Amino acid sequence: MKPLQIGALLLLLLTTGFCASAQEQQVADSLVSSLEEPAHSPRKATIYSAVLPGLGQVYNKKYWKVPLIYAGFAGFIYAIDWNNDYFVLYRQAYADILDDDPNTNSFLDLDIEGHWDFTNASQVQQFATRLKRAKDYSRRNRDLVIIATAAFYAINIIDATVDAHFFNFDISDDLTMNWAPGPMFCSGQPLAGIHVSIRF
């Protein structure tokens, strides 16, 4: 073989080897990227929790929070219903005591101990005032619990979003700070000091 042919053959082999090596590297890179876990999305966690409370926490793998969320909602719904029942009861009794119809007398059921004389106009007025206060108090409590429920719903969404942001946060032992006594130099003069090193 002539030296020119040998050189061409070597050049061909080297270029083919480099191309194959580059292709192997691309295949290896694509395999690594396909095996990597997809990025954890705070946007998905927010949408999931907004659509169904607790679903964002499941997405963040914080399963222990789901029963707490549903227990909270159950408590709020019970409190809303309880206050609303009393509001409806007092509102009807207040409406009955103010009208002139003798057949509408649901307020009599609220005088359990029978201390009120409903033939006396001043006592009827006092009882009506108490009914109005009780009605307003129950309505106020019901409305406050509705607002608290809406706030709890918002907190559920915020919690899922914040957890998703910190999902890949590194809290391993590599996050350390070490300190040790050591010399320091100021204007060429040695002084006692402390060396601090922070490792990320």
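In case it helps, mature numbering (1 follows the signal peptide of the UniProt record, and there is no 0) puts the sequence shown at residues -22 to -1, 1 to 178. Even for Gly, the Cβ is constructed at its ideal location relative to N, Cα and C. Since we're looking at a predicted model, the values are computed, not measured.
Query                                                                                                                                                                     : Result
Would you check if the distance between the CB atom of Tyr68 and the CB atom of Ala106 is smaller than 8 Å?                                                               : no
Can you list, in chain order, the residues of its chain with a C-beta nearer than 8 Å to that of Ala126? Leave out the 5 residues immediately preceding and following it. : Phe54
Going by other Cβ atoms of all chains shown within 10 Å of its Cβ, with 16 needed for buried, is Ala132 buried or exposed?                                                : exposed
Looking at the strands, I want to know which residues DSSP matches up with Leu169.                                                                                        : Met162
What is the C-beta distance between residue 192 and Ser116, in whole angstroms, given that I count them as a contact (C-beta under 8 Å)?                                  : Residue 192 cannot be examined here, being either before or after the span of the chain that is shown, -22 to 178.
Looking at the secondary structure, which residues open and close the alpha helix (DSSP H) in which Leu88 lies?                                                           : Leu88 -> no alpha helix (DSSP H), and no H or E assigned at all.
Using CA atoms only, rank isn't needed, just tell me which of Leu122, Asn98, Phe144, Leu109 is closest to Ala17.                                                          : Phe144
Helix, strand or coil: which one does DSSP assign to Trp60?                                                                                                               : helix
Can you pull the DSSP bridge partners for Ser100?                                                                                                                         : Per DSSP, none; premise fails for Ser100.
What are the start and end residues of the alpha helix (DSSP H) that includes Ser19?                                                                                      : No alpha helix (DSSP H) holds Ser19; DSSP gives it neither H nor E.
Using the three-state DSSP reduction, which class does Gln1 fall into: helix, strand or coil?                                                                             : A caution first: Gln1 carries a pLDDT of 47, below 50, which makes its placement in the model unreliable, though a value can still be read off. Reduced to three states, the DSSP call for Gln1 is helix.
Suppose contacts are defined by Cβ-Cβ distances below 8 Å. Is Ala99 in contact with Ser84 by that definition?                                                             : no
Within 10 angstroms of its Cβ, does Thr97 collect 16 or more other Cβ (buried), or is it exposed?                                                                         : exposed
Taking the alpha-carbon of Gly32 as reference, which of Pro20, Arg21, Lys22, Tyr48 has the nearest alpha-carbon?                                                          : Tyr48
With a threshold of 16 other CB atoms inside 10 Å of the CB of Gln35, please say whether the residue is buried or exposed.                                                : buried
Quick one: is Leu13 buried, meaning 16 or more other Cβ sit within 10 Å of its Cβ, or exposed?                                                                            : Low confidence applies here, because Leu13 scores a pLDDT of 49, under 50, leaving its location unreliable; read the following figure in that light. Exposed, because fewer than 16 other Cβ atoms sit within 10 Å of the Cβ of Leu13.
Any idea what DSSP makes of Asn134, helix, strand or coil?                                                                                                                : helix
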